[in-house]
Structures are given as structure tokens and as C-alpha cells.
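First comes the structure, then the notes that go with it.
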Amino acid sequence: MPVARPEPQEPRVIAHVDMDCFYVQVEQRRNPALRGQPTAVVQYNDWKGGGLIAVSYEARGFGVKRSMRGDEAKRVCPGINLVQVPVARGKADLNLYRSSGSEVVAILASKGKCERASIDEVYLDLTEAAKEMLLQAPPDSLEEICMEAAKSNILGLSSDASEKEKNVRAWLCRSDADYQDKLLACGAIIVAQLRIRVLEETQFTCSAGIAHNKMLAKLVSGMHKPAQQTVVPLSSIQDFLSSLPVKKMKQLGGKLGSSLQYDLGVETIGDLLSFSEEKLQEQYGANTGTWLWKIARGISGEEVEDRLLPKSHGCGKTFPGPRALKNNTSVRILALPFSSFSSKIISYSLAAEAEYLRGRTRLSCMPIYLGMKQLENTQLSTFRTVKGWLDQLCEELSERIQSDLNQNKRIAQTLTLHARASKKNERDSMKKFPSKSCPLRYGTGKIQEDAMKLFESGLHDFLESQSTGWSITSLSVTASKIFDIPSGTSSILRYIKGPNSSAPPAISDSSSVPEDPSLDVTPIHEEQCEPSTSEKEDNNRYSAISTKQCPANEEKKNSMKSTGVKGASSILKFLSRDHSAHQEKRRSDGLICSHQGPGSSSEANEAERNVPAQAAVVDRSNSGAEPSGSSNTWMLNVEDIDPAVVEELPPEIQREIQGWIRPSKHPTAKRRGSTISSYFPPARS
DNA sequence: ACGGCTCAGACG
DNA sequence: TCGTCTGAG
7 MPVARPEPQE PRVIAHVDMD CFYVQVEQRR NPALRGQPTA VVQYNDWKGG
57 GLIAVSYEAR GFGVKRSMRG DEAKRVCPGI NLVQVPVARG KADLNLYRSS
107 GSEVVAILAS KGKCERASID EVYLDLTEAA KEMLLQAPPD SLEEICMEAA
157 KSNILGLSSD ASEKEKNVRA WLCRSDADYQ DKLLACGAII VAQLRIRVLE
207 ETQFTCSAGI AHNKMLAKLV SGMHKPAQQT VVPLSSIQDF LSSLPVKKMK
257 QLGGKLGSSL QYDLGVETIG DLLSFSEEKL QEQYGANTGT WLWKIARGIS
307 GEEVEDRLLP KSHGCGKTFP GPRALKNNTS VRILALPFSS FSSKIISYSL
357 AAEAEYLRGR TRLSCMPIYL GMKQLENTQL STFRTVKGWL DQLCEELSER
407 IQSDLNQNKR IAQTLTLHAR ASKKNERDSM KKFPSKSCPL RYGTGKIQED
457 AMKLFESGLH DFLESQSTGW SITSLSVTAS KIFDIPSGTS SILRYIKGPN
507 SSAPPAISDS SSVPEDPSLD VTPIHEEQCE PSTSEKEDNN RYSAISTKQC
557 PANEEKKNSM KSTGVKGASS ILKFLSRDHS AHQEKRRSDG LICSHQGPGS
607 SSEANEAERN VPAQAAVVDR SNSGAEPSGS SNTWMLNVED IDPAVVEELP
657 PEIQREIQGW IRPSKHPTAK RRGSTISSYF PPARS
């Protein structure tokens, strides 16, 4: 539900910039032959020509619409070019569009506060820039208003055909306008210039709205498309809103808007004016009521956030209808001679059969025994299918958070799994599959492992001790709670490496050791992708400690003393717990609730939930040297830090490491002694 | 059995 | 806090 924000007293200049059929433009830039042609971007071409997700304006002229199928589009526009979105790991891959969007954001962020609102939209707060212009070079002093600005659409300005551009110039230069509209005029000129820069530097066109708040800017940015901008002068607001259908207002496109129509008889925003704030609050609660009252008057206090990057990364795929992940996709029928389901027909998956034929599955797993055995078997098989997809999704997610780490120095702290599932022939089939989350550990393999555990946990809750006939219709994994890594983190590195890297490592007994070029660091891809999927060129080159390859503790200490410690990788490796111990710990402390059979008690489970386990150590020492702003980053989970090793470090270093640790808020999470058990605190006070 | 895949934010 | 729900594009 929307909520009202206190509005700033000072007038603001806000712009909303919206790329024109963005995915199409990205494809047109990649293949210029598509320019000027009716074109649409589709995903999943196999079923009815795929679904359209972007349509060029030429194609729109033929009546092609978003959310037509490809076949349908061909019907109304036989000449249309259908471009498929890239596919990777069996799913749509939007990275091309994401990175193209970033190009645009980088330009638009140059003139003021910039908020990335979606892959192809931003809000700008141009207040300061507009004030500046009004002081330094007001529109009426400019001998020539830039062409693009003169092509603006001014809401409420009489748009007589040939005179329009002249009128617009006049409006932009009006010396008798009130202050706020003068600011808007400056904003319009700035936005026009920005849009030209975007076109020049990216070849993309965009449209924009310029107004005093986000709501109005957003409302008009799409009013004149493509490649145009629209300004909302103060005097035009009431007329504009009064005739605006409620459903057009952002946040009112869904149930709330419908409720306004059907429960209050409100058809336009203007109709809202006849309701008192109290009445609206009574109907929709204090927050939403006030919000409604205000938006009816063009008031919106929402600030433009200073944020160029997304707050979360998610990867998902749906498995609609017959493609649902289930144990009986291809039906084999087997009548059981004796079982509790003796009269029933049980199906099992082709995958399980194939496994059996390959000799990978033991006979006892095949459905020749009792009903229960058989159920286990079919579930195992479904798990395998789910795991396969989950692994794919996690692989993509891992890649995305790693490049976020390298390029933006941000760490995600929470991993969430969501699924949709349905039960066959169950009365309670309305029940939803619960989402589950846990602390996020970096590394493809770890993410895959944790995601699968989360899935099992969710499935357990979903099934509630029944276990037949379930299927999965969607899967997604999300990384969220993303924080900037604080700068000045690794004094430990400087300390250990010495003031400059030529100095001997202070921590080592042997005083002079040649600098080791981090050979012992294992790239995480190699570490964790056993079936070696097509390894792409690592332009996101990050490295992580491989716990697998850590020697045992004693050995580690010795190697530390004898060879010295060189570089972040060695240090992190040194700090980390050895792999088998780590595994034991995980099993006993249970970062994620492990699957519990029906009837097993849940109190232990309760105590082990939500144990923070994420930490990071980042070597930013060379980040200044990297021109791209991307530098190698080493990660270490705090749970992998060996407290015994830490104890041997100098006190100030110990203190620093302790500083990474935040006490668990969960008193039930019992720890032994000084076990490091918490996670790296986010960057801020 | 079809709009798929993302994102953000509010609420309890 | 986590999980659910709404809404947007």
C-alpha cells in the first residue's frame, strides 16, 4: 500500500526518464539493420512464437502490442522482426539489457541525484542544477535555446501546429513566470541536453517528464513518445489530474484503483477531491488515506534516492503447466503387488529410470518394493530435477553478485528461495510454498548448497507430512540486503604486508619473503563448478579462498611461519578453518534448518535458525590502480575463520578481526567459546 | 498452460 | 526479523 511522505518545503525539479522500447533499441544497436523496422523482442520462441516483451514504434503502428504472442504479432504485422532474448543456462538472460541500462544511468547521473527506478527508467533531482542555471545562464539570456528543449511539450500550453516550437521557446524564456516554473524551464533544458548526450553516447532515445515531484514527472514521461519530453507547469496540474483516470496513477493500477472505482465510484483523480482525508483514511487506513488525499492535489513528497544500483539480484524461471517439475512428467505405470497402495497406480519419473539403467541408482531405490520406498524414489528423482534447475539459477545469481562485488564493492547478505508448487488432488492445494532465506555465503557451490537446503525446508513445510503428487511451477533465488563495503577495511592487510609491499610481512617469523603473486588463490569458478559449464572469459575476475584446498591447521600455521604471508589471498587462506571441520560445524550448528522427518522435534531446529554466518575481507589495495574501478576481491565467510588461528595473531589484528564480528541477535544460537559466529557489519554506523 | 522475469516497498 | 502481498515495467 502506498504511503504519504512529508514533502519538502522548497520547490524541486524532478525528472523521470524512460527509455523508448528499450530492449528493442538494445537489439537495434546490436544489429543496425533492424533500425526503422517493425521489431519486437520475444522470449521463448518455442511456444506460439514466444511472448513479446518490447515492441518498436513501427510495429506498434501495425497494432502489435506487448503481451501478444509472437504468432499473433506475425499475423497483424507479417513483416515484423522478432528478436529473441539471449538464453543462458536454459533461461532468459537479461544481462545485456541490464548493462545497457547502466550505460544510460552513468550519463544521467551526471547532473544531480539519480535513482535507478528500473532497468530502463530513472528519476533525477535536478533542483540544484536548475537553480544554478537560473543564476548563471537563465533561459532568457541564451540566444539560442537548444533544439531539443524547444521541442518539449508543455502541459496546458496551446499547441497550435506551426507555432508550437515558437511558443515553447517563449514559455521557456518567460521572464514573468513564477520562480517554480522558471526552475522547471531550466530543468527542461538540462534534461534535453542529457537526452542528447544519451543519444550521442549510447545511440538510445528516451522520453522524459519534468515536474515538481516524482509522481507528476512519472505521469507525463510517457505522454509523448518516443524521444520527447513533457513539462508540467504549476498552473496545469489541477486540470491535468482532474481528468486523469485513476488507473493511470502509479500505485492505482491494481486492486486499490479498482476499489476506488467500485467502492467509492471514483473514476478520475479529480473525483477523489470530493472525499475528505478522514473518509479516505477510514476506508484505506491512515497512511494510504493521506496518500490518496495528497495525490489528488498533486502533492507527493517522495524523494529521489541517490541510488544507481539495484537493491537486490534475482534469478527465476517458471515451469508452467505441463512443464512443471514433477515426478510423473512421463508416466510409467506400475502396479504394485503388495503395498499400502496396492490398488493404486504409481508413477515415477523417467529420470529415475534412466539413472537406474545407467547403474547409478541402487536397486533398492527402484519402485519394486513397498509404496513408501517408491515415494522416496520418486521424490529423489524430483529433487534431482529441481536441483538441476536450482543449480542453474544459483550459478547465474552467483555470477551476478560476484560482478557486483568486483565492480561496485558491494556484498549481499541474504539468500532467499522462492518457489511455487501445486499439489495434485489435494483439498488444500491452495496452500502456498513458503519462501525461505538464510545468510548468503559467496561461492557458486555454497549458494547452490544453501538454496537446495532452503528448498527442502520449504517443501517440508509445504507438504506437511503428505508427500504425493506435488510439482514445482516456479523457482527463484534472490540475493538481497546488499551493502557497500566500507573503505579502509583492511588495515590488516597493510599491517601484514607492511607499509608498502616491499617491506617484509610483519607477521611472519622469516623476515624477508618475496612477494607472492597470489598463486594460491583459486578462482571460484574452478573451485566449484564440477561439470565445468562453459567457462566464459573472466572479465569479472574475482577470487575466493578455496576452503577445499586449505591444509590442516597445524600445517597452515607452519606454512605461515616458514613461508610468510603474502597478499590478501594467503591471509584469508591462513585464517580459514579447514574444510572438513567447516563441514562438521555446519552440520551441527545448522545454518539452515535441515530437512526433518515428520515427527522429529522442532525445538532444536528453532534454536539453530538464522545464525549469521557471513563476513567478508576485501583487498582494496589496488582498487585505485584499476582504471575501470573493478578490482579483485577476496571473500571469506566468517564461519570459515578459524578462531584458533586468530588467537595467534597480534592483539591489534585480533581486535580488528573482532571488529568484523557482530554478536548474534539470536540468543538460542549457542556457540563454543570464542567461536566466530557472526557477520561483517554493514558499512555505516 | 501461459506474460516471463525482475525489482521495490508496505504490512503484520 | 522474516515472509507475504501488491504493484510496476
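Quick note on numbering: the first sequence equals residues 7 to 691 in the numbering used here.
C-beta atoms are modelled at their ideal positions from N, C-alpha and C, and glycine is treated no differently.
For this session: Out of H319, Q49, R35, state which residue places its alpha-carbon closest to the alpha-carbon of Q43.
Result: R35
For this session: Give the DSSP-derived three-state secondary structure of M7 in the structure shown.
Result: coil
Exercise. With contact counted as at least three CB pairs below 8 angstroms, one residue from each stretch, are the region 271-289 and the region 246-257 in contact?
Worked result: yes
For this session: Answer yes or no: do F461 and P440 have a C-beta to C-beta separation smaller than 8 angstroms?
Result: no
Exercise. Is it true that the CB of K54 sits closer than 8 angstroms to the CB of G76?
Worked result: yes
Exercise. Which partner residues does E320 have in the DSSP bridge list?
Worked result: According to the sequence as given, residue 320 is Gly; it is not Glu. Partner(s): T484.
Exercise. Whose C-beta lies closer than 6 angstroms to the C-beta of V483 among residues of the same chain, with five residues either side of it excluded?
Worked result: C321, L399, C400, L403, L423, A457
Exercise. E171: which of E154, D182, D187 sits nearest, CA to CA?
Worked result: E154
Problem set entry | C-alpha gap between Y63 and C27, whole angstroms | 8 angstroms
Exercise. Considering only residues of the region 127-168, which uninterrupted alpha helix (DSSP H) runs meet the minimum length of 4 residues and lie entirely inside it, listed in chain order?
Worked result: 133-142, 153-156
For this session: Report the rounded CA-to-CA distance for H22 versus S116, giving the unit in angstroms.
Result: 15 angstroms
For this session: Have a look at Q267 and K393 and give me their C-alpha separation to the nearest angstrom.
Result: 45 angstroms
Problem set entry | Given 8 angstroms, three or more beta-carbon pairs between the region 165-185 and the region 200-214 | no
Exercise. When the Cα of H2 is compared with those of N219, D245, A217, C212, which residue comes out closest?
Worked result: A query on residue 2 cannot be resolved here, the shown segment of the chain reaching from 7 to 691 and no further.
For this session: Note down, in chain order, each residue of its chain lying with its Cβ closer than 6 angstroms to the Cβ of V89, except the 5 sequence neighbours on either side.
Result: E33, V47
For this session: Identify which residue in D146, F210, K285 has its Cα closest to the Cα of R41.
Result: F210
Problem set entry | Delimiting residues of the alpha helix (DSSP H) encompassing Q289 | 283-290
For this session: For C83, name the three-state secondary structure that DSSP assigns.
Result: coil
For this session: Assign A60 to buried or exposed, taking buried as 16 or more other Cβ atoms, counted over all protein chains shown, within 10 Å of its Cβ.
Result: buried
Exercise. How about F325 and T479: do their beta carbons lie closer than 8 angstroms?
Worked result: yes
Exercise. So what's F246 in DSSP terms, helix, strand or just coil?
Worked result: helix
Problem set entry | For M25 and Q289, the rounded distance between their alpha carbons | 37 angstroms
Exercise. Around the C-beta of G327, are 16 or more other C-beta atoms found within 10 angstroms, so that it is buried, or is it exposed?
Worked result: exposed
Exercise. Anyone know if the C-beta pair for S463 and T420 falls short of 8 angstroms?
Worked result: no
For this session: Return the bridge partner residues of P328 from the DSSP annotation.
Result: Answer is none; P328 lacks a bridge partner.
Exercise. Can you name, in chain order, every residue of its own chain whose Cβ lies under 6 angstroms from the Cβ of R416, other than the five neighbours on each side?
Worked result: D410, I488, D490
Exercise. Measuring CB to CB, does W476 end up less than 8 angstroms from A427?
Worked result: yes
Problem set entry | Span separating the alpha-carbon of D146 from that of K323 | 54 angstroms
Exercise. Given that a residue counts as buried once 16 or more other Cβ atoms are within 10 Å of its Cβ, and exposed if not, what is G259?
Worked result: exposed
Exercise. Looking only at C-alpha atoms, which of D184, A217, T450 sits nearest to I195?
Worked result: A217
Exercise. So what does DSSP say about E653, is it helix, strand or coil?
Worked result: helix
For this session: Buried or exposed for E308, please, with buried defined as at least 16 other CB atoms from any protein chain shown within 10 angstroms of its CB.
Result: buried
Exercise. Whole-angstrom Cβ separation of L140 and C192, contact assumed at under 8 angstroms?
Worked result: 5 angstroms
Exercise. Which residues in the same chain have their Cβ closer than 7 angstroms to the Cβ of G705, if we skip the five residues on either side of it in sequence?
Worked result: Any answer about residue 705 is impossible in this case: the structure gives the chain only from 7 up to 691.
Exercise. So, P144 versus L190, is the Cβ gap smaller than 8 angstroms?
Worked result: no
Exercise. In or out: T187 buried (at least 16 other Cβ within 10 Å) or exposed?
Worked result: Checking the sequence shown, residue 187 turns out to be Asp, not Thr. Buried: at least 16 other Cβ atoms inside 10 Å.
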